[in-house]
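These notes concern the structure reproduced below.
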Amino acid sequence: MDIKNVDKLMMFLELAEQGSFTKATEKLGISKGYMSKQIKGLEEDLKTKLVVRSTRHMRLTAEGQRAYNHGVEIRKQIQAFQGNVQEENERISGVLRLTAPKMFTEVFLVDACYAFQQEHPEIQFELNSSFTRHDLIQDDIDLAIRATTTPPENMVAKKLFSYQHILVASPEYLARKGLPETSEDLRNHHCLTTLHQQNWPLKSTGVDVTGWISTNDNHVLKQQALRGQGIIRVPSYYVKDEIEKGALSEVLTDIASTQENTFYLLYPQLTYIPAKLQTFVRFLQSYFKLAR
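Going letter by letter, the sequence shown gives residues 7 to 298 in this note's numbering.
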């Protein structure tokens with residue numbers, strides 16, 4: 007039975023239970039003409055006369071009574087299906103699949119997920135932490151957290167916070183090597199870089215830098231900076247705690263920061279958003295208001 011016949015069947019069941027077109031149409035909020043047309047269509051589809059209608063009375067045929075009995079069972083199955091789907095959709099349980107940059111995951115996301123799970127113990131998380139920009143629908147991912155200035159138009163995008171890249175080094179390193187005062191001074195320092203960016207874009211210009219190590223792991227760079235091994239260029243949020251504690255100091259503050267980036271929560275534009283995803287999105291928005 008296709009979906010159109012399901013609608014017709016539900017009207018037929020209401021008609022049989024109300025005992026008249028007038029009562030049935032009032033209950034459903036539709037016109038008599040529309041219901042009459044749908045019942046006639048159902049009879050044509052089933053090639054069976056279901057209803058005998060006179061000027062003042064309506065009764066089911068024998069075939070109509072059998073159709074009603076079967077229809078009641080079908081309705082129960084449909085209601086059970088709808089109830090199960092709705093209950094599953096409204097429960098804060100199951101797996102949430104997330105993707106986010108590695109640094110964001112390290113600094114924020116794991117702690118945020120743990121805090122959410124303490125409030126909703128039936129939730130589990132799968133975190134994909136990488137530089138890969140996944141297709142959320144194709145890769146079956148519920149939520150992405152991305153840093154961008156132009157969030158994709160085909161996604162729901164909710165802003166979390168903005169940040170800039172800064173230059174930092176340990177006080178011990180600066181005491182030993184001196185404080186750089188211009189971008190050119192960086193050429194005389196150990197500038198520890200990522201593999202893909204050995205030219206640091208500053209406000210006025212870019213500057214080629216060198217150091218004793220390059221790596222694709224920002225955690226390694228931060229650890230070396232903390233040990234007094236050089237200057238690094240990283241997102242401000244990644245070294246916020248170390249700066250506040252005095253373990254790292256900003257350098258060239260007037261020219262280090264360039265374009266501002268923003269972290270967004272991104273998820274597909276769905277007709278029905280699962281309650282677990284809606285609740286987690288609201289939680290993250292609140293979490294970052296408090297955290298920052």
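Cβ atoms here follow ideal geometry from the backbone N, Cα and C, with glycine treated the same way.
Use the C-beta contact count for residue i: other C-beta atoms within 10 angstroms, 16 or more gives buried, fewer gives exposed.
i	result
PRO186	buried
SER292	exposed
TRP206	buried
VAL78	exposed
SER210	exposed
THR31	buried
LYS251	exposed
LEU208	buried
TYR169	buried
SER189	buried
VAL58	exposed
LEU276	exposed
LYS14	buried
If you draw a straight line from the C-alpha of residue i to the C-alpha of residue j, how long is it?
i	j	result
THR221	ARG239	12 Å
LYS228	PRO280	38 Å
MET64	ARG81	22 Å
LEU192	ILE143	44 Å
GLN235	HIS196	7 Å
LYS53	GLY47	9 Å
LYS55	PHE87	29 Å
VAL101	GLN130	5 Å
SER382	GLN123	What the structure shows of the chain is the stretch from 7 to 298, and residue 382 is not part of that stretch, so it cannot be assessed.
GLN44	THR28	15 Å
GLN83	GLU69	21 Å
ASN160	LYS282	21 Å
TYR40	PRO157	46 Å
ARG97	TYR120	18 Å
PRO177	ASP223	22 Å
ARG103	VAL116	13 Å
GLU50	GLN24	22 Å
GLU266	GLY184	28 Å
ILE249	LEU201	24 Å
GLY217	ASN194	9 Å
ARG288	GLY212	39 Å
SER42	GLN85	24 Å
LEU138	LYS246	According to the sequence provided, residue 138 is Thr. The question's Leu does not apply to it. Whole-angstrom Cα-Cα distance: 25 Å.
TYR243	GLU125	26 Å
SER37	MET16	15 Å
I'd like to check one pair, residue j with residue i: are the Cβ atoms closer than 8 Å?
i	j	result
LEU232	LEU198	no
ILE147	HIS140	yes
ALA262	LEU133	no
VAL257	ALA163	no
LEU34	TYR74	no
THR285	HIS171	no
VAL135	ALA106	The sequence given here places Ser at residue 135; Val does not occur at that position. Yes, Cβ-Cβ distance for SER135 and ALA106 is below 8 Å.
LEU290	ALA118	yes
THR154	THR259	no
LYS108	TYR270	no
ILE219	GLN230	yes
Assuming the contact rule is C-beta atoms closer than 8 Å, residue i and residue j should be a hit. Round their C-beta distance to whole Å, please.
i	j	result
GLN203	ASP214	Not confirmed; about 11 Å, so no contact.
LYS110	PHE294	Contrary to the premise, residue 110 reads as Phe rather than Lys in this sequence. Actually they do not touch by this definition, with Cβ atoms about 11 Å apart.
GLU128	HIS225	Incorrect: roughly 32 Å between the Cβ atoms, too far for contact.
Counting only C-beta atoms, is residue i closer than 8 Å to chain C at any point?
i	result
ASP141	Absent from the structure: chain C. Only one protein chain is present.
Complete beta strand (DSSP E) runs within the segment 61 to 87 (minimum length 3 residues, chain order): 64 to 66
Any beta strand (DSSP E) of 3 or more consecutive residues that is wholly inside the segment 116 to 166: 129 to 135, 149 to 154
Ordered list of alpha helix (DSSP H) runs contained in the segment 217 to 247, each at least 4 residues: 224 to 232
Ranges of the alpha helix (DSSP H) found wholly within the segment 244 to 289, counting only runs of at least 4: 246 to 251, 259 to 262
Runs of beta strand (DSSP E) lying entirely within the segment 25 to 62, each at least 3 residues, in chain order: 57 to 59
Those runs of the beta strand (DSSP E) which lie wholly inside the segment 169 to 211 and span at least 3 residues: 171 to 175, 197 to 200, 205 to 207
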